[in-house]
Amino acid sequence: QLSFFYTCLASTPNFILLFADDLGFGDLGCYGHPSSLTPNLDRLAAGGLRFTEFYCTSPVCSPSRASLLTGRYQTRSGIYPGVLYPGSRGGLPLNETTIAEVLKPLGYATAAMGKWHLGVGANGKFLLTKQGFDQYLGIPYSHDMNLTCFPPDVKCFGLCDVGTVTAPLMHNEVIKQQPVDFINLERAYRDFTTSFIAASAKKKQPFFLYYPSHHMTTLEKTGVINNTLVFFTSDNGPELMRMSRGGNSGPLKRGKGHHV
1 QLSFFYTCLA STPNFILLFA DDLGFGDLGC YGHPSSLTPN LDRLAAGGLR FTEFYCTSPV
61 CSPSRASLLT GRYQTRSGIY PGVLYPGSRG GLPLNETTIA EVLKPLGYAT AAMGKWHLGV
121 GANGKFLLTK QGFDQYLGIP YSHDMNLTCF PPDVKCFGLC DVGTVTAPLM HNEVIKQQPV
181 DFINLERAYR DFTTSFIAAS AKKKQPFFLY YPSHHMTTLE KTGVINNTLV FFTSDNGPEL
241 MRMSRGGNSG PLKRGKGHHV
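If you're matching positions, the sequence shown starts at 1 in UniProt numbering and goes up one per residue.
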C-alpha cells in the first residue's frame, strides 16, 4: 500500500472522499458486523489501510462536515454545537477555505454529490458552488428535513411549517426535483459521478470528488485507479435514538449525539 501511495505522490493524484451519514463503528463487515453485507467497502478496506482508532470532531452532522472540509475545528467556523436546518440563516462562512478551494488553483476539477448540510442561505449564498466546487448534485440538507429557503421561498427563513415544502434535489444552484425522486436518486448520483470521472480522465485533469458512495469500477474503466486515493469515513456515529433506523456502535457505548 505504501508503494502505491508514493506512486500517487510522484504524480498528481485524484482524490475521492466518500462521506457516509450516521455510520456506526460496527456497521461494516470489515469492522466486525456479523451479518451486514458491505462487500464493496470490505474490499476497499482489504486493499488499503483500515483505521481502528480515529475520531470525529463532533457527534452530529454539520459541525463534523465543516471540520472535515476545512481541516479546522468547527468552533472556528461557528458551525457548532448543533446542525443547520433548512430555515437556518447561516452556513459555512465563505472566508473558510475548503479542500476544494485548495485544489482548484492546482488545476483540479472539483465536484460533490449528495448531502451538503452546511447551509443554503438567501439566494444560495452558502452552497457548494460558492465554496470551491465546480459541480454539485444533491440535497442541501438531510433527506428528512422538508423546508426550503432559497428563491422563490426566501420568506421561509424559520417562518414556514417544517414539512410544508419538500426537500429539493439541486444541480449546482438550481432546483432539479422537488420533491425528490428517492427511488431513482442513487441512479442519478451514479450517472453524474461516472460522467464527471470520465470527463476528467479524458482531459487528463486531476479531480477531487466529495461523494457518499463508491464507484471503483469507473476508476478502473477510465484507467485512473492507480493514481487515485480513495478515503471512506463517516460524519458521526449511528442514530440509536430511532431504533428503526438500525445502526451499530460496535464496541462503543453510544451513538450519534453523544461524546465517547
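Backbone N, C-alpha and C fix where the C-beta goes; we use that ideal spot for every residue, glycine too.
Using a Cβ-Cβ cut-off of 6 Å (strictly less than) and excluding sequence neighbours within five positions of residue i, which residues of its own chain qualify?
i	result
Thr-38	Leu-28, Gly-29
Gly-121	Gly-91
Glu-96	Thr-70, Ser-77
Leu-159	Any reading at Leu-159 must be qualified, since the residue scores a pLDDT of 42, below 50, and its modelled position is unreliable; no value is offered.
Gln-131	Thr-98
So, helix, strand or coil for residue i, using DSSP?
i	result
Phe-196	helix
Val-120	coil
Asn-227	helix
Ser-234	strand
Gly-138	strand
Asn-14	strand
Gln-205	coil
Leu-44	helix
Ala-66	helix
Phe-25	coil
Tyr-210	strand
Taking only the alpha-carbon atoms, compute the straight-line gap between residue i and residue j and give it to the nearest angstrom.
i	j	result
Leu-92	Ser-58	15 Å
Val-230	Ile-139	22 Å
Phe-15	Val-174	26 Å
Gly-163	Met-145	In this predicted model, Gly-163 has a pLDDT of only 49, less than 50, meaning its place in the structure is not dependable; the value taken from the coordinates is given anyway. Using only the alpha carbons, I get a separation of about 8 Å.
Lys-125	Tyr-141	14 Å
Ile-197	Gln-178	27 Å
Phe-19	Pro-34	23 Å
Arg-187	Leu-41	19 Å
Asn-123	Asn-172	12 Å
Ser-67	Tyr-136	20 Å
Thr-233	Thr-52	12 Å
Thr-222	Gly-247	35 Å
Thr-129	Leu-103	14 Å
Check the C-beta distance from residue i over to residue j and give it rounded, since I have them as a contact under 8 Å.
i	j	result
Asp-134	Thr-110	5 Å
Pro-206	Tyr-108	5 Å
Leu-209	Thr-193	7 Å
Tyr-31	Gly-114	Between Gly-114 and Tyr-31 the Cβ distance is about 22 Å, and since that is not below 8 Å, they are no contact.
For residue i, I'd like the list of residues in its chain whose CB is within less than 7 Å of its CB, leaving aside the five on either flank, ordered along the chain.
i	result
Asn-236	Asp-22, Cys-56, Ser-58, Pro-59, Val-60, Cys-61, Ser-64, Lys-256
Gly-119	Leu-84, Ser-88, Gly-90, Gly-91, Leu-92, Phe-126
Ordered list of alpha helix (DSSP H) runs contained in the segment 77 to 120, each at least 4 residues: 99 to 103
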